[in-house]
Each structure stands twice: as structure tokens, then as C-alpha cells.
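S.K.: Before I ask anything, let me first share the structure, which is written out below as C-alpha cells.
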Amino acid sequence: MRERQAAQQARRAREFQAFVAGAAGRLLHAATLLTGEPPDANPRARALLTRALAATYASWDRMRGEDPYDRTRTHVAVHYARGAWWRYRGQGGLLARLSPLERLVLVLRLYEGVAEEQAAALLGLPPERVRTVCARAVATVLHPPRGPAPAVPPALGEATWS
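Residues 1 to 162 in the UniProt record's numbering are what the sequence shown lists, from first letter to last.
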């Protein structure tokens, strides 16, 4: 009996290790996009991914044909949306101008390729809202708002008021 349990645990560990070896890079990149950290210094993204992988591992035996990548991606999105990550603003980069919701929707829809309806169900939003948020985020990334207009120096010979 113990040998059988040990064999099952060893199989489970091997399967999970193989999954992590194949998927961790892409999932870490998605988490890094969400947290807005630089790719080479991303402790919050690593913590977010570690938490999601732990939740996936805890439910590994109950998944029964479910895609572990989808499960882990869902955990990353949910932990980001519900945790302290929501208050965290990125330090720069392409997605820094986006709100956390815009960043989450953009990463799910465009980077991860999640269908609009699936993203809406995951976030508890209507599909129309996900579509609107995604469109606004794409517009912000492609056409960033311009800063304030530069000051116009007075023309030569014009009086300046002090």
C-alpha cells in the first residue's frame, strides 16, 4: 500500500516538474507583464507565479483531463485581480500607462489568446466590458497620450509680462 502511494506521488511530482519545465517561462512572462516589472528584476511576478503554481500542484490529482496551463493561468489572473497586485503600478515599460484591469485584460486577450467570453467569465465581467477595456488598452498602448504642450517662447520684439 505504501509503495503504491509512493509511486503515485513520484509520478505526480514528475508530471508536475515536466509541466513547469515547459510552461513556467511563458507564465512568468505573463506575470511580469501584469506586475509591470522589468524582466530581469521581477520578484512580484515570481511570487505571483509561485502562488499560482502551488495552487495548481495542490489540485493536480483532481484535474482529470483539465489543461494545467489553463488552470495555472487562471490562478495567476485571479491572484493578480484579487490581491495586493491590484494596487501595484508598474515601474515603466510599454504597459505602465494601463490600469491594472486594462493590463490584465490585455495580457489575457492578446498575449495569452484567451477568448473574450472566457476572459469575461474569468473576471466576472460582461463580454462587452472586456471588449471595451481591451480596445481602450490597445489604443493607449498604440497611441500614448501626449504630455503637456511645450511652452512657447515669446516672439522677438514682443513685450514679456513679469
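C-beta: ideal position from N, C-alpha, C; glycine also.
Quick caveat: nothing in here was measured; it's all calculated off a predicted structure.
Quick check on the DSSP output: the alpha helix (DSSP H) that includes Leu117 runs from which residue to which?
M.R.: Start at 1 with the first residue of the sequence shown, and residue 117 comes out as number 117. The sequence as given places Glu at residue 117; Leu does not occur at that position. Counting along the chain, the alpha helix (DSSP H) containing Glu117 begins and ends at Glu116 to Leu123.
S.K.: Would you identify the three-state DSSP class for Leu98, choosing helix, strand or coil?
M.R.: For the purposes of this step, residue 98 is taken as residue 98 along the sequence shown, with counting starting at 1. Three-state result, Leu98: coil.
S.K.: How long is the line joining the alpha carbons of Arg97 and Arg103, rounded to whole angstroms?
M.R.: On the sequence shown, residue 97 is found 97 positions in, with the first residue counted as 1. On the sequence shown, residue 103 is found 103 positions in, with the first residue counted as 1. Going by the C-alpha atoms only, they are around 9 Å apart.
S.K.: Does DSSP put His143 in a helix, a strand or coil?
M.R.: The count along the sequence shown starts at 1 and reaches residue 143 at position 143. Residue state, collapsed to three classes: coil.
S.K.: Quick check on Leu49: buried or exposed, where buried means 16 or more other Cβ atoms within 10 Å of its Cβ?
M.R.: As a first step, residue 49 must be located in the sequence shown, where it is residue number 49. Buried, because 16 or more other Cβ atoms sit within 10 Å of the Cβ of Leu49.
S.K.: Three-state secondary structure (DSSP) at Arg103?
M.R.: Sequence index remark: in the sequence shown, residue 103 carries index 103 (1-based). Arg103 falls in the helix class under three-state DSSP.
S.K.: Alpha carbons only, please: which of Pro144, Leu53 and Thr74 is nearest the one belonging to Gly113?
M.R.: As a working note, residue 113 is residue 113 in the sequence shown. Considering only alpha carbons, the answer is Thr74.
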